[in-house]
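Okay, so here's the structure we're looking at.
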Amino acid sequence: MTKETTKIDTLPNIEEEQFLPISADALFDAPRATHPPRVLMLYGSLRERSYSRLATEEAARILRRLGAEVRIFNPSGLPLPDSTSADHPKVQELRELSLWSEGQVWCSPERHGSMTGIMKAQIDWLPLSLGGVRPTQGRTLAVMQVCGGSQSFNAVNQLRILGRWMRMFTIPNQSSVAKAFNEFDAEGRMRPSSYYNRIVDVMEELMKFTLLLRDRTDYLTDRYSERVESAEAVSRRVNQGAQ
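Under the working numbering, read the sequence shown as residues 13 to 255, first letter to last.
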């Protein structure tokens, strides 16, 4: 090795006490939970025959067969963001379900080339932080959409952006169901098709990632910047008390 490759880089801007080595124990030897993975599902339409709801219900059946505990949030009655206080019962229900969850599925219709306002309102009611607890951070996320016409990916692409913003682990696979009105029978069950098979793929992948990550969420989302900020806050509090 040359002197250049063996030289230790100096990091004058680093807070050494908060710059921690990567822990293999925390990554690979964390205790394993034994309860069924908890999955919250959101859909983005209030229509009586809502294809995003039907696709969500079909995905829920698959998740339950794979061993998950599933809860589907009904957005009917959820107020517009900022139109009322967060004490509203539907807002409280949504936030409690998000805190309960270890993984989530978001399924929106595509309307005017975008997710629906109903879908966005649900996500907007979920804060990044709630009394020191984060309702979405570290949870896995699968995104799906239903289309009234030919297949598109506008809604799932936007949902991916939101998932990243909400600090979630969005899985690589996704589902987009074209001409959704052709894909469900009179009872609301999805017909056999490549679209159905893709939903199975997505739910399998969500379960795998949720099982891999859920016991390591606290460690995976532990950030240097937040450790520095917390240490500074503690230092200020201690110094004030000593004055």
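Ideal Cβ positions, reconstructed from N, Cα and C, are used throughout, including at glycine.
Residue ARG50 holds the alpha-carbon nearest to the alpha-carbon of TRP112 among ARG50, GLU238, TRP177. In the structure shown, the three-state DSSP call for GLN157 is strand. Fewer than three beta-carbon pairs drawn from the segment 82 to 101 and the segment 190 to 206 are found closer than 8 Å, and the two stretches are therefore not classed as touching. One thing to note: PHE181 has its Cβ no nearer than 8 Å to the Cβ of THR148. Leaving aside the five residues that flank ALA80 on each side, the residues in its chain whose CB is nearer than 7 Å to its CB run, in chain order, PRO48, PRO49, VAL51, MET219.
Taking every protein chain shown into account, the CB of TRP137 has 16 or more other CB atoms within 10 angstroms, so this residue is buried. Three or more Cβ pairs closer than 8 Å define a contact, and the segment 125 to 145 meets that threshold against the segment 168 to 181. Per DSSP, TRP137 is not a residue of any alpha helix (DSSP H), being assigned neither H nor E. Annotated as proximal: SER64 and CYS119, with beta-carbon spacing under 8 Å.
Less than 8 Å divides the Cβ of MET127 from the Cβ of ALA167.
In the displayed model, PHE221 falls within a helix according to three-state DSSP. GLU81 is bridged by DSSP to ARG50. Secondary structure at SER110: helix, using DSSP grouped into helix, strand and coil. PRO204 sits exposed, since fewer than 16 C-beta atoms from the chains shown fall within 10 Å of its C-beta. DSSP places PHE181 within a strand segment (E or B) once states are collapsed to three.
Taking C-alpha positions only, SER242 is separated from LEU23 by approximately 20 Å. Taking 8 Å as the upper bound for CB-CB distance, GLN134 and LEU54 are in contact here, some 5 Å apart. Boundaries of the alpha helix (DSSP H) harbouring PHE40: 36 to 40, taken from the DSSP string.
Inclusion of ALA38 and TYR207 in the CB contact set at 8 Å is not warranted, their separation being larger than that value. Contact annotation, VAL189 with CYS159: C-beta distance approximately 6 Å; criterion of less than 8 Å satisfied.
In the DSSP assignment, ASP230 falls within the alpha helix (DSSP H) that extends over 229 to 232. Pairing VAL212 with ILE74 gives a Cβ-Cβ distance under 8 Å. In this structure GLN157 is buried. Its beta-carbon is surrounded by 16 or more other beta-carbon atoms within 10 angstroms.
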